[in-house]
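Below you'll find the structure, written out as structure tokens, and then a few comments.
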Amino acid sequence: MKIKILNGLVVSAEETYKADIGIEDGVITHIERKARTATADMLPMFEADSEIDAAHHYVLPGGVDAHTHFDMPFGGTVTADDFYTGTVAAACGGTTTIIDFAIQNKGESLKQALDKWKQKAANKAVIDYSFHIAITDLTDDILAEIPQMLDEGVTSFKLFMAYKGNLMSADKAIAKVLAQSGKLGFLTMLHCEDGDAIDESVKDFLAHKQTGPLYHALSRPPELEEAAIARAVKMATNGNLYVVHLSTEAGLKHIKKARADKLSVYTETCPQYLVLSIEKYTEKPHHKRYPVPKDVSPLPEEFEGAKYVMSPPLRGKHNNSALWQGIADGAISVVSTDHCAFNYYGGKSLGKDDFSKIPNGAPGVETRLLLLYSEGVAGKRITINNLVEVFATAPAKLFGLYPRKGEIKIGSDADMVIFNPERKFEIEQIKLHQNVDYCPYEGYKGTGAIMSVLYNGRVIYKDKGFCGTKGQGRFIKRDKFRSSIVQ
Ligand code: URP
Ligand code: ZN
Ligand code: ZN
3 MKIKILNGLV VSAEETYKAD IGIEDGVITH IERKARTATA DMLPMFEADS EIDAAHHYVL
63 PGGVDAHTHF DMPFGGTVTA DDFYTGTVAA ACGGTTTIID FAIQNKGESL KQALDKWKQK
123 AANKAVIDYS FHIAITDLTD DILAEIPQML DEGVTSFKLF MAYKGNLMSA DKAIAKVLAQ
183 SGKLGFLTML HCEDGDAIDE SVKDFLAHKQ TGPLYHALSR PPELEEAAIA RAVKMATNGN
243 LYVVHLSTEA GLKHIKKARA DKLSVYTETC PQYLVLSIEK YTEKPHHKRY PVPKDVSPLP
303 EEFEGAKYVM SPPLRGKHNN SALWQGIADG AISVVSTDHC AFNYYGGKSL GKDDFSKIPN
363 GAPGVETRLL LLYSEGVAGK RITINNLVEV FATAPAKLFG LYPRKGEIKI GSDADMVIFN
423 PERKFEIEQI KLHQNVDYCP YEGYKGTGAI MSVLYNGRVI YKDKGFCGTK GQGRFIKRDK
483 FRSSIVQ
């Protein structure tokens with residue numbers, strides 16, 4: 003199959019240029035820059051089976067979302083999106099590769115966790131996928147199993163400083179993994195919130211009958227993220243540290259300092275921490291479009307904030323601007339989604355009398371590009387090249403997928419987004435493909451439109467609809483972490 007994409011504005015993390023792109027059997031084989039005059043050594047572009055006219059549109063590399071949770075048991079329920087609905091939503095949002103978390107249960111080997119998650123994704127995923135492993139039970143045997151996982155193409159491991167009594171690891175365990183990451187060449191991903199302090203504060207609020215969604219946020223204030231990041235950076239002197247879902251300006255200062263000190267420290271933030279803020283926990287719902295489903299009891303208006311219960315929680319607005327600035331100046335390497343969707347009815351409602359029982363997480367895999375473009379590029383907070391960096395190139399480099407993924411390059415997988423920078427959009431849950439009964443950005447009006455998405459050289463999204471095939475996604479083995487290719 004041969005396809006040409008003509009006259010588009012191709013965007014990389016460094017530059018934007020007009021070019022025709024040729025694709026053969028899923029791989030980019032030609033990039034003909036328009037400004038160049040033809041020379042004898044230039045390979046002529048082939049006759050294509052089909053052509054896409056991308057004039058006046060950006061051609062972006064397909065997104066790499068390095069943080070999703072599909073089909074994950076959590077908080078007494080399971081996430082609403084599995085590897086089919088979740089990857090369809092990702093594809094419709096311009097993402098063509100996801101990295102999900104295989105969670106190690108207590109007593110399980112890493113291989114068991116990986117195999118379980120591979121099974122969940124096989125025959126369902128519609129885009130390429132890979133896994134990090136979330137280590138929740140570190141023993142000497144587990145530490146010794148890491149090299150085998152690197153051979154299997156799993157080159158990043160997450161540990162939690164929060165979720166006491168469940169996922170949380172002690173600092174000793176974290177330090178051991180960090181030390182190994184430096185020696186063996188992988189990334190140690192850390193959820194940085196002080197789990198002991200949070201546990202105390204949750205008990206305190208509940209004892210005072212403060213049970214609503216706002217207390218989720220108040221029980222895990224910014225200082226507890228900052229303190230955990232400070233601890234993490236201290237342990238990272240010989241390791242490769244990647245702080246997940248950064249939400250605070252205070253935390254970002256520690257990351258900046260560590261990077262200035264030449265430590266191998268990186269961070270991601272997520273659209274929710276760039277666009278939303280703590281007011282969401284108490285705001286009156288402004289959208290009444292969606293009626294309460296049949297056979298469920300309505301929830302009180304004051305519970306609407308449960309839709310935003312995630313960890314870390316939403317913060318004061320000044321953090322939004324500090325995080326945008328962090329992207330613009332390169333301190334924040336990646337914007338991923340932490341897509342962890344729970345239905346409002348039947349999921350979030352588990353915590354209607356106790357915020358600590360609200361399953362943590364929110365959807366976002368389908369709206370990442372639109373929000374980054376609209377708020378970031380159209381809002382003049384970042385450039386289109388910054389967008390490509392955090393959306394595709396940097397996650398591909400950090401997580402061992404580059405150059406196959408993350409950039410429009412000869413030899414790379416033909417994963418691309420044709421993007422109209424002028425069109426207007428409104429986010430409406432009903433039009434999205436994710437399998438969850440609400441969207442945290444309901445009613446958001448912005449600029450930009452995803453016209454089509456190519457995955458592996460085939461159009462899988464056009465005319466606002468998914469047109470790929472269930473199970474076409476491939477498991478991708480990732481390379482080891484290489485500090486020489488990341489910034
Ligand atoms: O609230 C969140 N973020 N849920 C997903 C699990 C995690 O900590 O990433
Ligand atoms: Zn986390
Ligand atoms: Zn997560």
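Position one of the sequence shown corresponds to residue 3 (my numbering), numbered consecutively onward. Heads up, the beta-carbon is just placed ideally off N, CA and C, and yes, glycines get one too. This structure is a prediction, so every number in the text was calculated from the model and none was measured.
Task: Pro-423: first and last residue of the uninterrupted beta strand (DSSP E) it sits in - done: Note, Pro-423: beta strand (DSSP E), 418–428.
- [ ] Check each candidate in Ser-351, Tyr-440, Pro-223 and name the one with the smallest Cα separation from Pro-293.
- [x] Tyr-440
Task: Helix, strand or coil at Leu-169 according to DSSP, with G and I counted as helix - done: Three-state result, Leu-169: coil.
- [ ] Could you please go through the chain and list the residues whose beta-carbon is closer than 6 angstroms to any non-hydrogen atom of ligand 2?
- [x] His-193, Val-246, His-247
TODO: Please say whether Lys-36 and Ala-50 have beta carbons closer to each other than 9 angstroms?
DONE: No, the pair does not count as a contact, with Cβ atoms beyond the cut-off.
TODO: Take Lys-6 as the anchor and find which of Ile-129, Thr-31, Val-13 has the nearest alpha-carbon.
DONE: Thr-31
Task: Distance, Ser-351 Cα to Leu-301 Cα - done: Distance between the alpha carbons of Leu-301 and Ser-351 is about 8 angstroms.
Open item on the list: Let me confirm a value: Ile-462 is counted as buried when at least 16 other C-beta atoms fall within 10 Å, else exposed. Which label applies?
Closed with: buried
Task: Run of the alpha helix (DSSP H) containing Arg-261, from where it starts to where it stops - done: 251–262
TODO: Buried or exposed for Lys-282, please, with buried defined as at least 16 other CB atoms from any protein chain shown within 10 angstroms of its CB.
DONE: buried
Task: Contacts around Thr-213, its chain only, beta-carbon distance under 8 angstroms, and the 5 residues preceding and following it disregarded - done: Phe-207, Asp-355, Asp-356, Phe-357
Task: DSSP three-state assignment for Asn-322, whether helix, strand or coil - done: helix
Open item on the list: By the three-class DSSP mapping on this structure, what secondary structure does Met-453 have?
Closed with: strand
TODO: Say yes only if the C-beta of Asn-362 is nearer than 8 angstroms to one or more non-hydrogen atoms of ligand 1, and no if none qualify.
DONE: yes
Open item on the list: Would you say the beta carbon of Ser-313 is closer than 8 angstroms to some non-hydrogen atom of ligand 1?
Closed with: Yes, ligand 1 has a heavy atom inside 8 angstroms of this Cβ.
Open item on the list: Give me, in chain order, the residues of the same chain whose beta-carbon lies closer than 7 angstroms to that of Gly-197; leave out the 5 immediate sequence neighbours on both sides.
Closed with: Met-163, Ala-164, Tyr-165, Lys-166, Met-170, listed in sequence order.
- [ ] Quick one: which unbroken beta strand (DSSP E) runs of 3-plus residues sit fully inside the stretch 86–129? Chain order, please.
- [x] Within the stretch 86–129, the runs of beta strand (DSSP E) that reach at least 3 residues and sit entirely inside it are, in chain order, 97–105.
- [ ] Compute the minimum distance between the beta carbon of Asp-340 and the heavy atoms of ligand 3, and state whether it is under 8 angstroms.
- [x] yes
Open item on the list: Would the stretch 431–448 count as touching the stretch 369–382 if we require 3 or more Cβ pairs under 8 angstroms?
Closed with: Flag = yes, the stretch 431–448 and the stretch 369–382 touch.
TODO: Have a look at Met-151 and Pro-397 and give me their C-alpha separation to the nearest angstrom.
DONE: 19 angstroms
TODO: Sort out for me which residues DSSP pairs Asp-22 with in a bridge.
DONE: Glu-34
- [ ] Report yes if the C-beta of His-210 is less than 8 angstroms from at least one heavy atom of ligand 1; otherwise report no.
- [x] no
Open item on the list: Assuming the contact rule is C-beta atoms closer than 8 angstroms, Thr-70 and Thr-250 should be a hit. Round their C-beta distance to whole Å, please.
Closed with: At roughly 22 angstroms, the Cβ-Cβ gap does not stay under 8 angstroms, so Thr-70 and Thr-250 are not in contact.
Task: Complete runs of the alpha helix (DSSP H) confined to the stretch 333–413 [at least 4 residues] - done: 370–373, 386–390, 396–400
Open item on the list: For Arg-425, which residues in the same chain have their Cβ closer than 8 angstroms to its Cβ, ignoring the five residues on either side in sequence?
Closed with: Thr-449, Gly-450, Ala-451
Open item on the list: Suppose contacts are defined by Cβ-Cβ distances below 9 angstroms. Is Thr-271 in contact with Tyr-244 by that definition?
Closed with: Contact flag unset, no.
Task: For Lys-4, the nearest candidate out of Lys-118, Leu-456, Lys-482 (CA to CA) - done: Leu-456
- [ ] Take Leu-180 and list the residues in its own chain whose beta-carbon comes closer than 6 angstroms to its own, dropping the five residues that flank it on each side.
- [x] Thr-190, Met-237, Ala-238, Gly-241
Open item on the list: Check whether the stretch 395–409 and the stretch 418–435 touch, using three or more Cβ-Cβ pairs below 8 angstroms as the test.
Closed with: No, the stretch 395–409 does not touch the stretch 418–435.
Open item on the list: If you reduce the DSSP assignment to three classes, tell me which class Lys-296 lands in.
Closed with: When DSSP states are grouped into helix, strand and coil, Lys-296 belongs to the coil group.
Open item on the list: Within the continuous beta strand (DSSP E) that includes Arg-484, where are the two ends?
Closed with: Careful: Arg-484 lies outside any beta strand (DSSP E) and carries neither H nor E.
Task: Cβ neighbour criterion (16 or more within 10 Å) applied to Pro-224 - done: buried
- [ ] Could you have a look at Tyr-268 and say whether DSSP puts it in helix, strand or coil?
- [x] strand
- [ ] For Ile-5, write down the residues that DSSP places opposite it in a beta bridge.
- [x] Beta-bridge pairing by DSSP links Ile-5 to Ile-25, Ser-52.
TODO: Could you name the residues that DSSP lists as bridge partners for Met-191?
DONE: Lys-160, Tyr-244
TODO: For His-256, verify whether its CB is less than 8 angstroms away from any heavy atom of ligand 3.
DONE: No.
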